[in-house]
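Top line first, the protein sequences correspond to chains L and H. Residue numbers for the first sequence follow our numbering, so the first one is 1 and each next one is one higher. Residue numbers for the second sequence follow our numbering, so the first one is 610 and each next one is one higher. Every residue gets a Cβ at the ideal spot worked out from N, C-alpha and C, and that includes glycine. A quick note: this is a predicted structure, and the numbers were derived from the prediction, not measured. Structure, as structure tokens:
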Amino acid sequence: MSVKGGYFKKELSVDLTTGHIERQDLSDSFLEKYIGGRGFGAKLVWDNLRRHDFKIDPLEPENLLVVAPGPLTGLYLPSSGKNSFVAISPATGLYGDSSMGGGFGVELRQTGIDVLTLRGRASELSILFIDGNEVAILPMPELKGKSCLDAEAMIKERLGAQVAHVATIGVAGENMVKFACVNTDWSRNAGRTGMGAIMGSKNLKAIVVRGNKDLPVYDVLGLMAEADKAYKYMREHTFFKMWQAQGLMNVVDYANLTGILPAYNFKDSVFAKSEQLNGATMLNQYKIGDSACFSCSMCCGNICLVKSGKYVGTMTEGPEYETCAMLGPNLGIDNFDAVLSAARLCDELGVDTISTGNIIGAVIEGYEKGILSLADLDGREITWGEEDAILELIRKIAYREGLGDILADGSRRIIEEWNDMGKIILQVKGLEQSAYDSRASMSMALAYATSDIGAHHTRAWTVAKEMEEGRGWSDDEKVGIVIYHQKVRPLFDMLGVCRLPWIELGLNELHYQKFYNSVTGNALSLEELLALSNDIYDLTRLVNTRLGVSRKDDSLPYKVWANPPLTGPNAGKVINQKDFEKLLSLYYEKRGWDEDGKPPASLENKFNE
Amino acid sequence: MLKKLTVIPEQCCGCRICELVCAITHFQVNNPKKSAIRVVSTYPHPMIRMPIVCSQCKVPVCAQVCPVDALQWSDGIVQLDQAQCISCYKCVESCPFGAIYAHEECEYPIKCDMCNGDPECVKKCPTGALRLLPEIALGESKRLNNVLSYTAMKEIELYEKGERKVIRYAEVGKEEL
């Protein structure tokens, strides 16, 4: 079977050390098996690991950074603006990926490539400019220290390319902060697992793309007819208007109501003043415009402006739920002005808002509990809700000043420095936990523990369903839903589309099967597609077990075992470690992995061709 | 009745669905760079997302500069006669709005033809930023805004089902009868 559409069948590989740039053909079997995005990334990272005998330092030149949109990216279908960054993560030392929306992936595809791979290290701070068929590595040391927003504007002006799309890092990326992100379209970020640090380690300030090629589609009109059905379904959904109006900010109320909203570094799971930070407040008092990723009718982005007070004039796209929760309630901040200001600062410096909020929350609690001394804090006290000190600390992390230098290395380093911080900071495998409390949801706890990149919610977001209907779930059901999510979700990142129409508006998976078939001319059933998607989860597990992960790493933060939320509907609830271990064994069994969490050795052959 | 494709920038979310729909309708390809409408975004100062599309001017600058009279205004549309066009792109350069486009693979300038009076982009726009309005209605919302912001009006603010609403009213004269 040959692939009839969906791909240019080209990989652009760039060696920043030697300046060698090459377009390589991609084989049909590679395209069919790995589809795109995260799938390409996982396979290429795996191959690179094998070449280096599974010894790769994430911040050394040999770490391969894969930038991959998918075969559906940029097409007329719901929310097709996604693009994945994949590499060995500096935060965890394991498999890492993060995806961004906006229009960068679309433009990257329009230059006529399916995937961009980067290795090596430029001798000085440079940008990579892919202008259609022409590719150049341009030294631009003058960009050093520029914020993401300024860098994007400067680059567009310097190159005379206003229509280009720019993926750039901020100061945090340059300084290799282990949770630095990659920013595009001014405020869309590939936030997690430190992909910005990897660009920084390669002396690569930005990737600039400008293309004008037709995106290859096997059946254009067939795809359009399918897409119209999907758009129609979404438009008629009860919550569609609410999504346009509030976006992910609507989750704040929900999380507070169900008791999964992190407050005061997860000491609590409800926040008394959450109505000052919820979607309605954002909409009524701050929102000045909508913002959408490419081809997305849900337009979940909100442009917000602070109209008065100390932070007057602060404008940012967002925050969305995670940012609002981690930089708001989790730090004891009840002032939405300050949350916006912190979110904007994170965008400019290029740090992940989830990890930043999590780490600063842990610092505040650490100081409160006496684990950190005033000297550790460089002599500046920091307590809950103290906006100035918090904003200053975010800046210090990005610039690696004083305490910020340690914090910038992420939770693992923090625990090395202060052992007791291990009981306070919430992380799995070195990645700080997202803004969904798992102490009342066994399936969410299992999802965090078994996530390949660490404690991130997107791998299996089961908490809402368990809160709503899963109180009496059996172990089988809990494990089942986690595996189901881990099996379906890679598909979205592989296809290069956003999963929100599916998870939030219930757009059926079958739509995506039809999209895929119309685009590629293949005739896969949904089950066949999901099997390919599930393979990626196996593959990233193989990457991790080869890098030393075993059962002991599929664990949970200390707080989840020992410190229940103080108030709210889930007060007093913790995860019972014995029950959890039992569940984990069942999970391994259902996955076909051994008691130590290792997939069978024979599985490697599947991915070694 | 003459209808005009109208853009309301404040409603545009920048999703660029209009670009895709236009390219698919006219060229049967998924390529936003082959559309006759493009969303231009600026951020953060000022923050604007504005679809740029032909205004079908009745005194079209593009037609004035066209050396072969390939552009003609008729029935509310500035029509491009491809048989006459020599693809010099003078129209692209001269349009005051930058609303005519060029692409290296396309022989002719890419210009909005209003899809025979029923533009696809208007039908697919998810936020209502693109509208097809009769000429007689143009400026109506601005007129209404102007009236509503009449300075002698008073304002009270209220929340109804969590939504902020403003009621404006005029103070009726209190002088003795």
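Point to revise | I503 (chain L) (DSSP reduced to helix, strand or coil) | key: Three-state DSSP puts I503 (chain L) in a helix.
Review point. What residues of chain H sit near M224 (chain L), judged by a beta carbon separation below 7 Å?
Key: Below the 7 Å Cβ cutoff, chain H contributes I633 as neighbours of M224 (chain L), in chain order.
Check your understanding: Taking Cβ-Cβ distances shorter than 8 Å, what residues in chain H pair up with Y76 (chain L)?
Key -> Below the 8 Å Cβ cutoff, chain H contributes I626, L629, V630, I633, N639 as neighbours of Y76 (chain L), in chain order.
Check your understanding: Which residues, in chain order, does the region 729 to 761 of chain H contribute to contact with chain L at a C-beta distance below 7 Å?
Key -> Answer in chain order: P735, T736.
Review point. Counting contacts by CB-CB distance shorter than 9 Å, is Y231 (chain L) in contact with chain H?
Key: At least one chain H Cβ lies under 9 Å of Y231 (chain L).
Check your understanding: Which chain H residues sit within Cβ distance under 7 Å of L215 (chain L)?
Key -> Ordered by position in chain H, the residues that pass the 7 Å Cβ test against L215 (chain L) are N639, N640.
Exercise for review: Say whether chain H places a C-beta atom closer than 9 Å to the C-beta of C498 (chain L).
Suggested key: So, not an interface residue.
Check your understanding: For D579 (chain L), which residues of its own chain have a beta-carbon under 8 Å away from its beta-carbon, when the five flanking residues on both sides are left out?
Key -> Take D579 (chain L), set aside five residues on each side of it, and the residues of its chain with a beta-carbon closer than 8 Å to its own are M442, in chain order.
Check your understanding: Does M656 (chain H) have its Cβ less than 9 Å from a Cβ in chain L?
Key -> Taking 9 Å as the threshold, the shortest C-beta distance from M656 (chain H) to chain L falls below it.
Exercise for review: Kindly give me the distance between the Cβ atoms of F706 (chain H) and S664 (chain H), rounded to whole angstroms, as I take these residues to be in contact under 8 Å.
Suggested key: So it is a contact: roughly 6 Å between Cβ atoms.
Check your understanding: Mind checking if N212 (chain L) is an interface residue toward chain H, Cβ cutoff 9 Å exclusive?
Key -> Among the residues facing chain H, N212 (chain L) is included, as its CB has a counterpart in that chain under 9 Å away.
Check your understanding: If you drop the 5 nearest sequence neighbours on each side, which residues of the same chain put their C-beta closer than 6 Å to that of P743 (chain H)?
Key -> Cβ within range, chain order: M610, K612.
Point to revise | Reduced DSSP category for V574 (chain L) - H, G, I as helix; E, B as strand; rest coil | key: The three-state reading of DSSP puts V574 (chain L) in coil, since its state is none of H, G, I, E or B.
Point to revise | Whole-angstrom distance between G685 (chain H) and I626 (chain H), CA atom to CA atom | key: In a straight line, the C-alpha of I626 (chain H) is about 25 Å away from that of G685 (chain H).
Point to revise | Completely contained alpha helix (DSSP H) runs for the region 189 to 271 of chain L, where each covers 4 or more residues | key: Taken in chain order, the complete alpha helix (DSSP H) segments of 4 residues or longer contained in the region 189 to 271 of chain L are 195 to 201, 220 to 236, 240 to 246, 251 to 258.
**Study point:** Of the residues H:S696, H:G623, H:M659, the one placed nearest P718 (chain H), counting alpha carbons only
**Key:** The shortest Cα separation from P718 (chain H) among H:S696, H:G623, H:M659 belongs to H:S696.
Practice item. Report yes or no: is there a C-beta of chain H within less than 9 Å of the C-beta of I414 (chain L)? Key: Cβ-Cβ to chain H under 9 Å: no for I414 (chain L).
Exercise for review: Please state if the CB of A167 (chain L) and the CB of T184 (chain L) are separated by a distance shorter than 9 Å.
Suggested key: A Cβ-Cβ contact shorter than 9 Å links T184 (chain L) with A167 (chain L).
Review point. K643 (chain H) and N133 (chain L): beta carbons closer than 9 Å?
Key: Taking 9 Å as the Cβ cut-off, K643 (chain H) and N133 (chain L) do not qualify as a contacting pair.
**Study point:** Exposed unless 16 or more other CB atoms sit within 10 angstroms - verdict on P557 (chain L)
**Key:** Answer is buried; the Cβ neighbour count reaches 16.
Review point. Would you say R773 (chain H) reaches chain L, if we count a Cβ-Cβ gap shorter than 9 Å as a contact?
Key: Interface residue, yes.
Practice item. Could you pull the start and end residues of the beta strand (DSSP E) that P610 (chain L) belongs to? Key: Not covered by the structure: residue 610 (chain L). The range shown for chain L is 1 to 609.
**Study point:** Test: V220 (chain L) CB closer than 9 Å to a CB of chain H
**Key:** Yes, because at least one Cβ of chain H sits closer than 9 Å to the Cβ of V220 (chain L).
Review point. List, in order along the chain, the chain H residues whose C-beta lies closer than 8 Å to that of F294 (chain L)?
Key: Simply C624, R625.
Exercise for review: Pull up the distance between the alpha-carbon of V497 (chain L) and that of D228 (chain L), whole angstroms please.
Suggested key: Each residue's alpha carbon lies about 16 Å from the other.
Check your understanding: Taking 9 Å as the CB-CB cut-off, is D594 (chain L) touching chain H?
Key -> No, no contact with chain H.
Check your understanding: If we count the other Cβ atoms within 10 Å of its Cβ and call it buried at 16 or more, is P655 (chain H) buried or exposed?
Key -> Exposed.
Point to revise | Simplified DSSP state of Y537 (chain L), which is helix, strand or coil | key: Note: Y537 (chain L) maps to helix in three-state DSSP.
Practice item. Could you check what DSSP says for W384 (chain L) in three-state terms: helix, strand or coil? Key: In this structure, DSSP gives W384 (chain L) a state outside helix and strand, which the three-state scheme calls coil.
Point to revise | Option nearest G480 (chain L) by Cα separation, candidates L:K514, L:G173, L:Y588 | key: Selected option, being the one with the closest Cα: L:Y588.
Point to revise | Any C-beta of chain H under 9 Å from that of D185 (chain L) | key: Closer than 9 Å: yes.
Practice item. Step through the CB atoms of chain H and report whether any lies within less than 9 Å of the CB of Q110 (chain L). Key: It does; some Cβ of chain H falls within 9 Å.
Check your understanding: What do you get for G39 (chain L), buried or exposed, if any count of 16 or more other CB atoms within 10 angstroms of its CB means buried?
Key -> Buried, since its Cβ has 16 or more Cβ neighbours within 10 Å.
Review point. Apart from the five residues just before and just after D25 (chain L), which ones in its own chain have a Cβ nearer than 7 Å to its Cβ?
Key: Cβ within range, chain order: K9, K10.
Practice item. Can you give me, in chain order, the residues of the region 298 to 320 of chain L that have a beta carbon less than 9 Å from any beta carbon in chain H? Key: The region 298 to 320 of chain L vs chain H, Cβ under 9 Å: M298, C299, G301, I303, L305, M315, T316, E317.
Exercise for review: Starting from the C-beta of V339 (chain L), find all residues in its chain whose C-beta is less than 7 Å away, skip the five residues before and the five after it, and write them out in chain order.
Suggested key: The residues L277, P319, C324, L327, G328, I333, in chain order, have a CB closer than 7 Å to that of V339 (chain L) in the same chain once the five nearest residues on each side in sequence are set aside.
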